[in-house]
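Here the structure is laid out as structure tokens; the discussion comes afterwards.
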Amino acid sequence: MSKKAAAAAVGVAVAVGAAIGMAPRSDRRDVDERGPAARQPLLLEDVDVERFVEGLTEAITYRTVVLDDGTYDAGEFDALQTMLSRRYPRLHAQLEREAFEGHGLLYTWAGSDPQLDPIVLMAHQDVVPVEEGTEDDWVAPPFGGSVVDGKVYGRGAADLKGVLIALCEAIEYLLERDVTLRRTVLFVCGHDEEIGGTNGTRVIAEQLRTRGVRPWFVVDEGGMVTEGMLPVVKAPIALIGISEKGYAHVRLTARGDGGVSSIAPAGTAIAQLAVAIARLEANPLPARTEPMMPTISALAGHLPGVLRTLASRPTAVAPLLSRAFARDPHLDAVQRTTMVPTIVSGGVKANVVPRSASVVFNVRVIPGD
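Numbers in our numbering are just positions in the sequence shown, counted from 1, shifted up by 102.
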């Protein structure tokens, strides 16, 4: 995460306040009786980006890794949460804090009008593990929380401790300025999002449902503000997600004759599996261009010359854009269902041919497939 992105993250989080109605605490009566008319402008220029970076780099040093079986080091989560309470004293003094299933957190910033449905802001504390033996491949240590050439490096910088710290910074920023809200804000910090959120956000969501909470809207991880995604567009592009891919694991198993490796049987389970993996990688599922149409139309006004004319006819230009997207794995994933082999298993001894071998594909299903 770059420092420019850091400033944008905190700024956007602070700007959420404008959508939910806020005013200095001394104008509480105005907030209660006249609502948004009493809002005071906030100067995003005085957001302390360096403080954000310091918080994020420290947060990265805590190894809040959750494994697929649900196990994790509770001490690392305790340390992260202690750090949050130390760095954001107003947040922890003025918001109600509840813990669920050990380390899932729900903060409630009560608004002055309980009749208004609350908004929900979400971020998760956990990160995925680092593959053993690859630590030296990183630009900086994955749990070092380093800043290199103006960018923060480390596991969770983008997914999702950057957002976690940005939201904490934004709330602290508002409280430092004695801001009060008309609409209640619920800040949900799950601890097992990377394995589905079963014991984190799902538990909190069920609890909110039993309390009769119906959010006005929910802000979770998703889109981003990018520069250079399309070289011909000079302005930053904000990507707004209107749907989400499905998620599945598919295990493919091959079977063959076992035996000792000195005989070299043909068509072993591992050989069959390798062929299948190669065929699937060489034949990706087709791209879907219809989700691109609103994006093309929205960008039309920022394109030069003939490109602007083409963008006014998104159906015609979508195939060209699709081919361009296919050259970049990040962009290509937007337009098609992906199937990526992530775990391969088979064999127990170097000189024994296994009777079976398997591969797990992580599948992200585009809506409509």
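Think of the CB as a built atom: it goes at the ideal place given N, C-alpha and C, for glycine as much as any other residue.
Quick one: is residue i buried, meaning 16 or more other Cβ sit within 10 Å of its Cβ, or exposed?
i: V461; result: buried
i: G213; result: buried
i: D294; result: buried
i: Y349; result: exposed
i: H226; result: buried
i: W318; result: exposed
i: R425; result: exposed
i: P220; result: buried
i: T184; result: exposed
i: V69; result: As displayed, the chain neither begins before 103 nor continues past 471, which places residue 69 out of reach and without an answer.
i: V408; result: exposed
Can the beta-carbon of residue i be found closer than 8 Å to that of residue j?
i: L288; j: L186; result: no
i: A242; j: V250; result: yes
i: E308; j: G247; result: no
i: E480; j: R153; result: What is shown of the chain runs 103 to 471, which leaves residue 480 out entirely.
i: I273; j: L158; result: no
i: L218; j: R316; result: no
i: I162; j: G252; result: no
i: V467; j: K347; result: yes
i: G361; j: A371; result: no
i: W211; j: L283; result: yes
i: M441; j: V320; result: no
i: V265; j: F202; result: no
With residue i as the anchor, note down where its alpha helix (DSSP H) starts and where it stops.
i: G470; result: Element bounds for G470: n/a, residue is neither H nor E.
i: V408; result: 407 to 413
i: V149; result: Looking at the DSSP string, V149 is not in any alpha helix (DSSP H), and its letter there is neither H nor E.
i: F179; result: 176 to 189
i: S399; result: 395 to 401
i: H404; result: Careful: H404 lies outside any alpha helix (DSSP H) and carries neither H nor E.
i: V419; result: 416 to 427
Please list the terminal residues of the continuous beta strand (DSSP E) segment that includes residue i.
i: T210; result: 206 to 211
i: H226; result: 221 to 226
i: E198; result: 198 to 202
i: T440; result: 440 to 447
i: V450; result: That residue, V450, is in no beta strand (DSSP E); it is neither H nor E in DSSP.
i: S248; result: 248 to 250
Does DSSP classify residue i as helix, strand or coil?
i: F154; result: helix
i: A459; result: strand
i: T236; result: coil
i: T173; result: coil
i: T328; result: strand
i: V168; result: strand
i: V229; result: strand
Which ranges does the alpha helix (DSSP H) cover as unbroken runs of at least 4 residues, wholly within the segment 299 to 323, from first to last along the chain? You should have 303 to 312.
Unbroken alpha helix (DSSP H) runs of length 4 or more, entirely within the segment 254 to 305: which are they? Listed in chain order, they are 263 to 278.
Enumerated in chain order, which unbroken segments of the alpha helix (DSSP H) with a length of 4 residues or greater are wholly contained in the segment 333 to 392? Listed in chain order, they are 371 to 384.
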